[in-house]
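Residue numbers for the sequence shown follow this note's numbering, so the first one is 50 and each next one is one higher. Below: one structure, written as structure tokens.
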Amino acid sequence: MRKLPQYSFNEGFYIWFDINSKEEYYSTPLYMYKTDFNDDLSNYKRVIIQEKDFYKKKPSKKNSAPKHPATILYPFAEQFGRLLINLLNADFSNFDKAYNTFFYLYGFELLREYVPDKELIYTYKSEEELTKIMKRVYEDSYGYVSDMQYNFRKCVDFVYNLNGNEELKNSKPSSKFIASLVTHHNDVYSYSSDIEVILDTYSDKYLKYGNQPLNKLTEELDQDDSFIPMTNVYTSEKLSNIVFVVLEQIVKNSNLPIKKCQYCDRYFIPAVRQDELYCDLPNEDGKSCREKGAKQTYKQNLEKIPALLEYRKAYQKKFMEVARSGNNKKLKNDFDSWKKIAQGKIKEFKQGKVTEDELYKWMMENK
Numbered sequence: 050m051r052k053l054p055q056y057s058f059n060e061g062f063y064i065w066f067d068i069n070s071k072e073e074y075y076s077t078p079l080y081m082y083k084t085d086f087n088d089d090l091s092n093y094k095r096v097i098i099q100e101k102d103f104y105k106k107k108p109s110k111k112n113s114a115p116k117h118p119a120t121i122l123y124p125f126a127e128q129f130g131r132l133l134i135n136l137l138n139a140d141f142s143n144f145d146k147a148y149n150t151f152f153y154l155y156g157f158e159l160l161r162e163y164v165p166d167k168e169l170i171y172t173y174k175s176e177e178e179l180t181k182i183m184k185r186v187y188e189d190s191y192g193y194v195s196d197m198q199y200n201f202r203k204c205v206d207f208v209y210n211l212n213g214n215e216e217l218k219n220s221k222p223s224s225k226f227i228a229s230l231v232t233h234h235n236d237v238y239s240y241s242s243d244i245e246v247i248l249d250t251y252s253d254k255y256l257k258y259g260n261q262p263l264n265k266l267t268e269e270l271d272q273d274d275s276f277i278p279m280t281n282v283y284t285s286e287k288l289s290n291i292v293f294v295v296l297e298q299i300v301k302n303s304n305l306p307i308k309k310c311q312y313c314d315r316y317f318i319p320a321v322r323q324d325e326l327y328c329d330l331p332n333e334d335g336k337s338c339r340e341k342g343a344k345q346t347y348k349q350n351l352e353k354i355p356a357l358l359e360y361r362k363a364y365q366k367k368f369m370e371v372a373r374s375g376n377n378k379k380l381k382n383d384f385d386s387w388k389k390i391a392q393g394k395i396k397e398f399k400q401g402k403v404t405e406d407e408l409y410k411w412m413m414e415n416k
């Protein structure tokens, strides 16, 4: 039976889940290419940050591109199910897009079959040498990765009735998922093998808790018998199998539905409310779809208000009168004065200082 690595390691991929905190954790070595870490040492986890530079923290050896070893004790943390979500949303159309939307987070350990072991070395001499190998892995694995992404999208659309899929829409996602695997309804069933489960044991907790005094640790367990969490860890040599594990974990938890964002059309798992319409996935401008979508909905709702419809009608009418009048300064001044007062009334309405009926009455009396 395989055991978890006790110290740092340079090969492999391990993933586990905490439904209470709604987080998933994984450990895998990464080549430090446009990647940096934010360490949260007090909580024994770290978060990956994407960088524009090749290697933000310069390695000790000039012009080298090292492989950063991993450790089970300080794993990478992300939202529960995010590995699957990132795969569903990734753009694999070329190497740069594939790396920037997926591989900078998870590395290439799960694609080892597409590159000779002798080339998965610990340090490359230069950025050019490293990217040459990574691009080769991308090119050789493109068919496998793109087919896998298609199959998982198809499966998720069926299980959660997305993208117009209405098949068995009244059935539970877990029932549909299990039935689809048993009947080979889609090709995702083929990813359910070659997965190894490493059972958690108390002896494996020594590195994290072993330095605590016996009496203090006993008191902590008296207060909370789940103080030392027991979590099974999953490992595989194939990306498709790890993604399957993540999907299976999501399906098991009915309070974690997969949805499509009504603003950007990406897959997402709601962080708070299950009826959330917009995702909180990162955008290039730094604003979330939740923020953008809320503003868009607010604007659309405002456009349906009768008082604002009357304002737009009156505005267009008065604007055209001014345009046709040539140099009629009185007409233009009257229009500017009306516009300023009308927009002030609308601002008061949005601030809740006047009611919709009061705004409508003013618009009708002053159009």
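The beta-carbon is built from N, C-alpha and C at its ideal position, and this holds for glycine as well.
Start and end residues, beta strand (DSSP E) containing residue i
| i | result |
| --- | --- |
| Asn377 | Counting along the chain, Asn377 falls outside any beta strand (DSSP E), and DSSP gives it neither H nor E. |
| Tyr63 | Tyr63 to Asp67 |
| Tyr75 | Glu72 to Ser76 |
| Tyr283 | Val282 to Thr284 |
Residue i to residue j span [Cα, whole Å]
| i | j | result |
| --- | --- | --- |
| Leu154 | Tyr193 | 19 Å |
| Lys465 | Pro118 | In the structure as shown, the chain starts at 50 and stops at 416, and residue 465 therefore has no counterpart that could be examined. |
| Asn87 | Phe125 | 9 Å |
| Glu127 | Ala356 | 46 Å |
| Cys328 | Gly335 | 13 Å |
| Lys308 | Leu137 | 12 Å |
| Val231 | Asn200 | 16 Å |
| Asn135 | Phe151 | 6 Å |
| Lys344 | Leu326 | 13 Å |
| Tyr360 | Ala372 | 18 Å |
| Tyr163 | Asp85 | 25 Å |
Residue i burial status per 10 Å Cβ neighbour count (16 or more: buried)
| i | result |
| --- | --- |
| Asp206 | buried |
| Leu179 | buried |
| Leu270 | exposed |
| Leu133 | buried |
| Arg322 | exposed |
| Phe129 | buried |
| Glu414 | exposed |
| Glu297 | buried |
| Val246 | exposed |
| Ser386 | exposed |
| Ser285 | buried |
| Met369 | exposed |
| Ser70 | exposed |
| Gln198 | buried |
Cβ-Cβ separation, residue j to residue i (assumed contact under 8 Å), whole Å
| i | j | result |
| --- | --- | --- |
| Tyr409 | Lys388 | Contact flag wrong, Cβ pair sits at about 18 Å. |
| Lys225 | Val208 | 5 Å |
| Glu158 | Glu60 | 7 Å |
| Ser76 | Tyr63 | 5 Å |
Span of the alpha helix (DSSP H), counted from its first residue to its last, around residue i
| i | result |
| --- | --- |
| Val237 | Taken as a continuous stretch (DSSP letters only), Val237 belongs to no alpha helix (DSSP H), as it is neither H nor E. |
| Asn138 | Arg131 to Asn138 |
| Asn200 | Glu176 to Tyr209 |
task = Could you tell me whether the segment 64–84 touches the segment 257–269, where touching means 3 or more Cβ pairs closer than 8 Å?
result = These segments do not touch.
The segment 295–312 in contact with the segment 171–178 per 3-pair CB rule at 8 Å = In short, these stretches do not touch, since the Cβ pair count stays below three.
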